[in-house]
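These notes concern the structure reproduced below.
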Amino acid sequence: MGLLKLLVVAGLVVKSTCSSNLPDFCTISFVESSFPAPDFFQGLELIAGSVTAQPVTNFTALPDSTHPGATGRNFCNVTFAYRHVGRPSDRVNLWLYLPSPAQFKNRFLATGGGGLSVTLGARGLATGLPYGAASITTDAGFGGFDSDLSRVILYGSGAMNYDALIAYSYRAMHEMTVLGKELTRKFYSSSNLTKIYSYFHGCSEGGREGMSQVQRYGTTFDGVSVGSPAIRHPIFHYHGPLAQRKHDYYPSVCELARITADAIAFCDPLDGKTDGVVARTDLCFARFNASSSIGNPYNCSAVPQLGQPPIAGTVSAKAAVVAAETWRGMYDSKNKLVHPFYAPSVDFSDSVTVFNPATNQLEPYPNPLSPAVVNLLIKEVYSATLPLDEVSPDVVREWVNDAMSKYMSTIFTLWPDLTPFKSNGGKMIVWHGEADAMIPAVSSTMYQDKIRKTMYPGLGVQQGYAEMAKWNKLFLVPGGSHCDPGTVDPLGVVKPNNAAWPTEVLKSLMEWVEEGKDFERLEGIVQGGEKKGEKEGICGFPLRPVWGSNTSGGNGKGKGKGKGKGKGQQQDDEGEELQCVFDQQSFEFFTPKLDSFLVDAY
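In case it helps, mature numbering (1 follows the signal peptide of the UniProt record, and there is no 0) puts the sequence shown at residues -19 to -1, 1 to 583.
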């Protein structure tokens, strides 16, 4: 039976109008009458009795990292479920926030997830409320909105659930979007002549999901906001622990934090502006030497979560070596690059150590996401542990090769030809914090350059990016962490810094799509310090920020006016001028070749 034939059999009729009174239209019968026609999406069918509808009034959407929040929101909280034909035990749950007609602004917003989940639940749905968008999320059929891929990916050891894998990779998001767009159109009684703009917004895994839709279904969205996309799935959080083991030294979080603080202090002014933010991670990588921290004092209180007692001391030579090795990236035994590197200003959250009272020693504590992903997807076993003794850069290299052969068409999201999306008039903003300790910013710059080379092979670097920026823009956010503004400490606590963060990236995207308001710099809002709340531009890649008299591009000194083609200039309250300039050395820093692999696609 086709999608919603059950409703037709039940004798439901299609409504003629959407009442402006929230309780009138937020009913199960009204929602059911808004579903697509029976032949709209072959292979799917509604699960009878699954629809819920609850009016919500005077709701406050709290501000989040990428939206300003809103008060007085009225919407219909809707859920329903469908299944795939021929799979009677299948159940995919969808959840929507449908604004009241008075607050609906002809916008539809698909939202992504994080980690191994395709949904952020209510938090993600609230993103659409400030913009008058009907928002939607899915559980992908994983058993509820609090479930994730880890619970369903294996039937048992060595038995992959490929339906779940494909749903997670791209299919669930596509089904959700197609059904949600049509339901939204009919719910608000919009004719085919009424344009409802469709958007996607997500970060990390959510960013990967958005990119999967752009790559596979280029005509689905008018605008896409993608943050720190996990396009190379996260099996790489071993840089720090492997560097520690190699040099047989396991520094405390306090000792590493001192090295990070020294790096920030040294690299902060390299963009010509001293504000506590490292905006030129490329220059920082080239100029800061961790050995300069040797002998510098540190003093920290206890860290109960890691079992670490109060500690004080001075930075050791071994700690400096471990830090430098971690920043350098992961190289195999032939000294070839396995995984993109991190900048010195990034925190050492992947290098956390725990205190063992039995031995009175600090020990490595690898990010738990990595063994989970490796065990589930590479080894195909349910296990939360993976002894560090079994891991080396060469082993990681083999994992990647294995993963590429198994998952390049699913979880890996690296297809560079986005012609259908571009030809359909789609617009995309990709944003990535330069201080991201989970997914290095280099991951996004490498992929962006792959798109440029694929779609503009006859153009030079700057000309190619200028053409691509007409529909696809990448912004590296100085001081930005993983999907959040500010600095993240080793325990995952975000501490605001003085950096500008694109809090209203969706606003910029919507104005670009709906009003044709193009821009070269993404608007950011300063998150802390004396200039908190002020607007500040964020340069579009491959251009880099240079403030004040320091406008000579990549050399970090001099008084020239810069060589970049970023039009316009910006001044802050102190008269410091921002220019976005192109620097060849910087560009090469952000586009390394992972020469450990023969396959260029990765």
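We treat Cβ as the ideally placed atom computed from N, Cα and C, and that holds for glycine.
Here the structure is a predicted model, which is why all the values come from computation and not from measurement.
Ignore the nearest five residues each way along the sequence and tell me which others in residue i's own chain have a CB closer than 6 Å to its CB.
| i | result |
| --- | --- |
| residue 293 | 280 |
| residue 261 | 251, 252 |
| residue -15 | Note on residue -15: pLDDT 38, under 50, position unreliable in the model; the coordinate value appears next. Closer than 6 Å at Cβ, skipping near neighbours: 19. |
| residue 537 | Summary for residue 537: the model assigns pLDDT 44, below 50, so the residue's position carries little reliability; its value from the coordinates is reported in the next sentence. Cβ within range, chain order: 251, 264. |
| residue 545 | Confidence in residue 545 is poor, its pLDDT being 35 and thus under 50, which makes the residue's placement too unreliable to answer from. |
| residue 554 | Confidence at residue 554 is low in this model, with a pLDDT of 46, below 50, so the placement of that residue is unreliable and no value is reported for it. |
| residue 205 | 181, 191, 195, 409 |
| residue 155 | 198 |
| residue 306 | 224 |
| residue 398 | 435 |
| residue 535 | Unreliable placement is indicated for residue 535, whose pLDDT of 45 sits below 50; the coordinate value is still reported in the next sentence. Same-chain partners within the cutoff: 564, 566, 567. |
Taking the CB atoms as reference points, tell me whether residue i and residue j lie closer together than 8 Å.
| i | j | result |
| --- | --- | --- |
| residue 50 | residue 361 | no |
| residue 108 | residue 48 | yes |
| residue 330 | residue 374 | no |
| residue 326 | residue 235 | no |
| residue 557 | residue 254 | yes |
| residue 59 | residue 34 | yes |
| residue 197 | residue 424 | no |
| residue 160 | residue 69 | no |
| residue 436 | residue 419 | no |
| residue 225 | residue 332 | yes |
| residue 66 | residue 120 | no |
| residue 367 | residue 222 | no |
| residue 185 | residue 413 | no |
| residue 230 | residue 299 | yes |
| residue 117 | residue 91 | yes |
| residue 85 | residue 169 | yes |
| residue 455 | residue 411 | yes |
| residue 209 | residue 45 | no |
| residue 89 | residue 172 | no |
| residue 176 | residue 39 | no |
| residue 237 | residue 304 | yes |
| residue 147 | residue 394 | no |
| residue 478 | residue 335 | no |
Give the single residue among the options whose Cα lies nearest to the Cα of residue i.
| i | options | result |
| --- | --- | --- |
| residue 522 | 263, 340, 58 | 263 |
| residue 351 | 335, 343, 89, 377 | 377 |
| residue 401 | 194, 119, 325 | 194 |
| residue 4 | 148, 196, 80, 417 | 80 |
| residue 284 | 297, 496, 233 | 233 |
| residue 324 | 267, 312, 290 | 267 |
| residue 181 | 461, 451, 446, 407 | 407 |
| residue 345 | 288, 364, 363 | 288 |
| residue 321 | 574, 23, 11, 25 | 574 |
| residue 22 | 396, 455, 296, 64 | 64 |
| residue 275 | 286, 295, 258 | 295 |
| residue 422 | 491, 247, 27, 308 | 308 |
| residue 15 | 40, 163, 157 | 163 |
| residue 371 | 427, 444, 430, 347 | 347 |
| residue 153 | 42, 258, 62 | 62 |
| residue 102 | 88, 269, 126 | 126 |
| residue 104 | 256, 32, 41, 36 | 41 |
| residue 568 | 492, 429, 514, 272 | 429 |
Only counting the same chain, and skipping five residues up and downstream in sequence, which positions put a Cβ closer than 8 Å to that of residue i?
| i | result |
| --- | --- |
| residue 505 | 458, 480, 481, 482, 483, 484, 516, 517, 518, 519 |
| residue 136 | 142 |
| residue 404 | 199 |
| residue 96 | 129, 185, 186, 350 |
| residue 586 | Outside the displayed span of the chain (-19 to 583) sits residue 586, for which this structure offers no information. |
Starting from residue i, follow its DSSP beta bridges and name the residues at the other end.
| i | result |
| --- | --- |
| residue 76 | 60, 118 |
| residue 482 | 506 |
| residue 294 | 279 |
| residue 305 | Partner(s): none; residue 305 has no beta bridge. |
| residue 345 | 334 |
| residue 463 | Bridge partners of residue 463: none, in fact. |
| residue 363 | The partner list for residue 363 (beta bridge, DSSP) is empty, contrary to what the question assumes. |
| residue 449 | Per DSSP, none; premise fails for residue 449. |
| residue 521 | 456 |
| residue 501 | Answer by DSSP bridge pairing: none, since residue 501 is not bridged. |
| residue 92 | 182 |
With a threshold of 7 Å on Cβ separation, who are the neighbours of residue i within its own chain once the five nearest residues in sequence on each side are excluded?
| i | result |
| --- | --- |
| residue 576 | 317, 318 |
| residue 580 | 385 |
| residue 239 | 274, 277, 279, 296 |
| residue 157 | 75, 91, 117, 119 |
Mind checking if residue i is an interface residue toward chain D, Cβ cutoff 8 Å exclusive?
| i | result |
| --- | --- |
| residue 355 | As a matter of chain content, chain D is missing from the structure shown, which is built from one protein chain. |
Every unbroken alpha helix (DSSP H) within the stretch 198 to 235, with a cutoff of 4 residues, ordered by chain | You should have 220 to 228.
Quick one: complete beta strand (DSSP E) runs, 3+ long, within the stretch 144 to 202?
-> Whole beta strand (DSSP E) segments, 3+ residues: 178 to 184.
What are the start and end residues of each continuous beta strand (DSSP E) run of 3 or more residues lying completely inside the stretch 26 to 55, in chain order?
-> Runs of the beta strand (DSSP E) spanning 3 or more residues and lying entirely within the stretch 26 to 55 occur at 33 to 42, in chain order.
Write down every uninterrupted run of the alpha helix (DSSP H) in the stretch 366 to 447 whose length is 4 residues or greater and which is fully enclosed by it, in chain order.
-> Whole alpha helix (DSSP H) segments, 4+ residues: 374 to 388, 400 to 404, 422 to 436.
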